[in-house]
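Asks:
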Amino acid sequence: MTFSFGKNWQNFLKSFNDDRVKTAELSITEFLQLRSLQGKSFLDIGCGSGLFSYAAFNLGAKQIVSFNLDPFSVECCNYLHKKADSPNNWDIYEGSILDYNFISKLSKFDIVYSWG
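Residue numbers (our numbering): 41 to 156.
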């Protein structure tokens, strides 16, 4: 049995705003020492609320794949995907990094992000 962080993320999304997005974007760009993610693919392992996937989308990532084991987190990420007008270059899955069958179906990525 695991703790459902996704329920916490659902509460977090009630306070979702542009400032949170800008902070996430700054976190990514400063860490990677890049101005944008233009032309880069971005894998968000354990995507939680989906905030960093949303930030990657805003930063111009060419491909985004987000996944989480917790279905409530996947719901949160889907909510932000819809908020971004459901872009075709952003896919969201329910899955685990510890599931070889799941991860073996993923391609290679320029940026692999996992926080927590």
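C-beta: ideal position from N, C-alpha, C; glycine also.
Report the rounded CA-to-CA distance for residue 58 versus residue 146, giving the unit in angstroms.
Replies: Their backbone Cα atoms lie some 30 Å apart in a straight line.
Asks: Is it buried or exposed, residue 99, if we count other Cβ atoms within 10 angstroms and call 16 or more buried?
Replies: Per the 10 Å Cβ criterion, buried.
Asks: Is it the case that the region 132 to 139 contacts the region 53 to 71, given that we only count it when at least three CB pairs across the two stretches are under 8 Å?
Replies: Taking 8 Å as the limit for Cβ pairs, the verdict is that the region 132 to 139 does not touch the region 53 to 71.
Asks: Pick from 123, 52, 104 and 124: whose alpha carbon is nearest that of residue 84?
Replies: Of 123, 52, 104 and 124, the residue nearest in Cα terms is 104.
Asks: Give the straight-line distance between the Cα atoms of residue 33 and residue 115, rounded to the nearest whole angstrom.
Replies: The requested residue 33 does not occur in the structure, where the chain is confined to residues 41 to 156.
Asks: Using three-state DSSP, classify residue 56 as helix, strand or coil.
Replies: Coil, per DSSP.
Asks: Sorted by chain position, which residues of the same chain lie with C-beta nearer than 7 Å to residue 136's C-beta, five sequence neighbours on each side aside?
Replies: Excluding sequence neighbours, residue 136 sits near 109 and 142.
Asks: Between the Cα of residue 149 and the Cα atoms of 90, 67, 96 and 73, which residue gives the shortest distance?
Replies: Here the closest residue by C-alpha is 96.
Asks: Leaving aside the five residues before and after residue 122 along the sequence, list all residues of the same chain whose C-beta is less than 7 Å from its C-beta, in chain order.
Replies: Closer than 7 Å at Cβ, skipping near neighbours: no residue.
Asks: Starting from the Cα of residue 124, find the closest Cα among 92, 79 and 76 and give me that residue.
Replies: Selected option, being the one with the closest Cα: 92.
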